[in-house]
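**Student:** To convert, note that position 128 of the sequence shown is 128 in the UniProt record's numbering; the numbers rise steadily by one, no gaps. All C-beta atoms in this analysis are idealised placements derived from N, C-alpha and C, irrespective of residue type, glycine included.
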Amino acid sequence: MKYISILAVCLLALSVNAKNVHEQIHLALGTDETEMVVTWTTVHAISDACHVEFGLHHEKLTNTTKAATTHFKHDGANFYTHRSLLTGLKPATKYFYRVGSKHTGFSTVYAFKTLQKGGKFLPKFAIYGDLGYQNEQSIPYLKQDVEKEMYDVIFHVGDMAYDLHERHGEQGNDFMRSIEKVAARVPYMTCPGNHENHGNFTHYDARFSMISDRHAPQHNAPLAHRLNNHFHSMDVGPAHIIMFSTEFYTYTKYGWDQIARQYHWLEQDLKRAHSNRAERPWIIVMGHKPMYCLGKGDHECNQETTERPFTRRGIHMHKDTNSPLKYGLEDLFYKYGVDIQFYGHEHLYGRLLPLYNFTIMSGSKEAPYTDPKGPVHIVTGSAGNREIHSHFFPHPKSFVMDHHLDYGYTRLTFVDTHHIRLEQTSDDKSSLIIVDANKTTWKQIEAKKAEILKHEQNLIQSNIHQYELQQLDENELMIDQRNISSKSKFFDDEIANINNQESSIQLEDAKLQNLVHNLFFDEVAEKSYLEQLINANYSLNHFRELIIKKQLIEMKRYNKSMEKIENERKYLQKLELKEKGFMKMLFNTIPKY
1 MKYISILAVC LLALSVNAKN VHEQIHLALG TDETEMVVTW TTVHAISDAC
51 HVEFGLHHEK LTNTTKAATT HFKHDGANFY THRSLLTGLK PATKYFYRVG
101 SKHTGFSTVY AFKTLQKGGK FLPKFAIYGD LGYQNEQSIP YLKQDVEKEM
151 YDVIFHVGDM AYDLHERHGE QGNDFMRSIE KVAARVPYMT CPGNHENHGN
201 FTHYDARFSM ISDRHAPQHN APLAHRLNNH FHSMDVGPAH IIMFSTEFYT
251 YTKYGWDQIA RQYHWLEQDL KRAHSNRAER PWIIVMGHKP MYCLGKGDHE
301 CNQETTERPF TRRGIHMHKD TNSPLKYGLE DLFYKYGVDI QFYGHEHLYG
351 RLLPLYNFTI MSGSKEAPYT DPKGPVHIVT GSAGNREIHS HFFPHPKSFV
401 MDHHLDYGYT RLTFVDTHHI RLEQTSDDKS SLIIVDANKT TWKQIEAKKA
451 EILKHEQNLI QSNIHQYELQ QLDENELMID QRNISSKSKF FDDEIANINN
501 QESSIQLEDA KLQNLVHNLF FDEVAEKSYL EQLINANYSL NHFRELIIKK
551 QLIEMKRYNK SMEKIENERK YLQKLELKEK GFMKMLFNTI PKY
């Protein structure tokens, strides 16, 4: 009977479509831009060796790399994880690949692009936490974004599937299948959350492959020995990015040493990154549970101060309350100048002002995220899961800059090596941006700048006509009716242009009133910008009236009209200078301290 049952399993495995045999495919960054880790799962044993075929064309997969296979069996879950490290890749190059074996066939052909080398590369990220298998609101929008090749790396800051181990591991299988269209095309980097803690995080460790020895690689060691899915770091463009576990501070039943081990690793990694600011000026950390809470009902959070004391200030080792607090992370991150901290756990979006030890450390009142003196904390845990939304504290602290309950995820774009643009999407609003001060305002200013340039060009043309008219006396003008008609048509066209611009200004003003609550700036900056728009609108109306009155038939008053137009041109030049200064202020979103 044993022989028959084994034969039946083999026949079953062979009868299934090869694309379904080799499944749950996902990528992770290797040691550097020349490597990529490919991980996938089979629910049955494969009789021959699994491997990855890859190449520069989808029909010419001429390179082959073997996979190491691990059998996972725990709490009724039973599957096989295959891991392969692709090496010798060219940076900034698109590769096609598939996974499988000779006897069982191969998966669908996917493609990925390796990262560009060095700190001048300007990457784009998607960042989120708390994405489950049920109510996975963000998955359709992430798939659309990946189809458009919007991201270089995706970061998942803990809590997956809800939960990976449930239904004897089938919940994890279903979740990994649901993210395959995303994670098989873009490196999918992770750190654990509280929902991964079952069995000392064994299901989480069995499914993901984060390399941890990037700064001291052991190239001769098997890939499995180089992995640490709990804390690891990477260099991507101008940023050094660290993913770490906040769960060591909570699940001490699995051991206390892991807290100290991670802390010392973090300190060495941060020290190395801080000394390399010239090449990579940004340090970004990502974990699961935030130091400062936005949602009520979390028993680990102080409901009055809203802090999470374990990770922020430290912990009494071995629950000895007489011992000093140790291994707090806020002081460590502040010491080495961490710029941004991303977290999940709370099913919401929230952005804090630059903050250290409950002290707001903004760059300035008008531009808090320009050259701040402390790190910016962002909670992005609203990608969607069966636990739905969290609930905000009824009276947010003064350091809470913005918060939303829409489902969504965060986009991070490096505009240049010292400027970051942050956007928060809303799945509820069909992936419209709900927090995007930099991008939205930039569009407004670009339109305004184009409008001013057009006015300046028209005024220059007016001055040319003025010069021509000054060469003619009244007799010549009366005789040359065609010349008068031509110049009259110019002013008629100018009136039409002003009408169109007036409508555009009114639309722009209406849109701004709807957007102004989402801008990163305080009421003074908002009021100042609104006043500029109102003044510009008034000036355009005044200019229009002048032009109507000063037709060519009133040649005796023409010189006075041109003088006013010249004054208007000088006013617009001043307005342009103001716009350039305001644009510069808006564009410097979250630089260094």
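#1: Quick one: complete beta strand (DSSP E) runs, 3+ long, within the UniProt domain "Purple acid phosphatase C-terminal" (374-431)?
#2: Please find out if some non-hydrogen atom of the ligand ZN comes closer than 8 Å to the beta-carbon of LYS60.
#3: Starting from GLN303, follow the alpha helix (DSSP H) in both directions and report where the run begins and ends.
#4: Is DSSP giving ARG261 helix, strand or coil here?
#5: Cutting at 6 Å between CB atoms, please list the residues of its own chain near HIS316, excluding the five before and the five after it.
#6: Where DSSP assigns a beta bridge to MET243, which residues make up the other side?
#7: To which residues of the same chain is GLY169 closer than 6 Å at the C-beta, ignoring the five residues directly before and after it?
#8: Considering only C-alpha positions, which residue in the set MET150, GLY237, PHE79 is nearest to PHE112?
#9: For ASN357, tell me which candidate among GLY381, ARG313, PRO187 has the shortest Cα-Cα distance.
#10: From the DSSP secondary-structure annotation, give me the bridge partner or partners of ILE127.
#11: Of all the beta strand (DSSP E) runs that stay within the bounds of the segment 77-135, which reach a length of 3 or more residues?
#12: According to the Cβ coordinates, are residue 637 and THR81 closer than 9 Å?
#13: Among the residues of its own chain, which have a CB less than 6 Å from the CB of ASP174, if the five just before and after it don't count?
#14: By alpha-carbon positions, which one of LYS120, HIS203, VAL109 ends up nearest to LYS94?
#15: Can you name the start and end residues of the alpha helix (DSSP H) that LEU142 belongs to?
#16: Is HIS26 closer than 9 Å to THR42 when the C-beta atoms are compared?
#17: Grab the span of the beta strand (DSSP E) containing ARG351 for me, first residue to last.
#18: Rounded to the nearest angstrom, how far is the Cβ of GLU330 from that of HIS288, given a contact under 8 Å?
#19: With distances taken from CA atoms, which of LYS120, GLN424, GLY350 is nearest GLY295?
#20: One question on the structure: do PHE342 and ILE127 come within less than 9 Å of each other, judged by their Cβ atoms?
#21: Would you say HIS22 and SER107 are within 9 Å of each other, going by their C-beta atoms?
#22: With DSSP collapsed to three states, give me the class of THR42.
#23: Could you work out which residue in PRO368, LYS397, SER364, THR410 is closest to GLY381 when comparing CA atoms only?
#24: From PHE244 to ARG569, what does the alpha carbon distance come to, in whole angstroms?
#25: For LEU227 and ILE241, which I take to be in contact (beta-carbon distance under 8 Å), what is that distance rounded to the nearest angstrom?
#26: Using beta-carbon positions only, say whether GLY119 and GLY30 come within less than 9 Å of one another.
#27: When you compare only the Cα positions, how much space is there between LEU519 and ASN20?
#28: Can you tell me which of the three DSSP states VAL37 falls into?
#29: Could you work out which residue in LEU223, PRO222, ALA239, ASN197 is closest to HIS230 when comparing CA atoms only?
#30: Could you have a look at GLU166 and say whether DSSP puts it in helix, strand or coil?
#31: In terms of residue numbering, what span does the alpha helix (DSSP H) encompassing GLY30 cover?
#32: For a test of the three-state rule: what should DSSP assign to TYR188, helix, strand or coil?
#33: Determine the closest residue to LEU352 out of MET176, GLU307, THR417, with distance taken between C-alpha atoms.
#34: Three or more C-beta pairs closer than 8 Å, one from the segment 387-397 and one from the segment 411-430: is that the case here?
#35: Just checking my contact of TRP282 with ASP371 at CB under 8 Å: how many whole Å lie between their CB atoms?
**Tutor:** Here's the rundown:
#1: 376-380, 400-404, 410-416, 419-426
#2: The model depicted lacks the ligand ZN and carries no ligand whatsoever.
#3: It is not in any alpha helix (DSSP H) - GLN303 carries neither H nor E in the DSSP assignment.
#4: helix
#5: SER323
#6: HIS232, MET286
#7: ALA77
#8: MET150
#9: ARG313
#10: PHE155, THR410
#11: 77-86, 94-101, 110-113, 124-128
#12: Since the first and last residues shown for the chain are 1 and 593, residue 637 lies out of range.
#13: TYR133
#14: VAL109
#15: 139-147
#16: no
#17: 349-352
#18: The Cβ separation is near 16 Å, so there is no contact.
#19: GLY350
#20: yes
#21: yes
#22: strand
#23: THR410
#24: 57 Å
#25: Actually they do not touch by this definition, with Cβ atoms about 17 Å apart.
#26: no
#27: With a pLDDT of 45 at LEU519, under the threshold of 50, the predicted position of this residue should be treated as unreliable, and no value is reported.
#28: strand
#29: ASN197
#30: coil
#31: Counting along the chain, GLY30 falls outside any alpha helix (DSSP H), and DSSP gives it neither H nor E.
#32: strand
#33: GLU307
#34: no
#35: Not really, about 13 Å apart at Cβ, beyond 8 Å.
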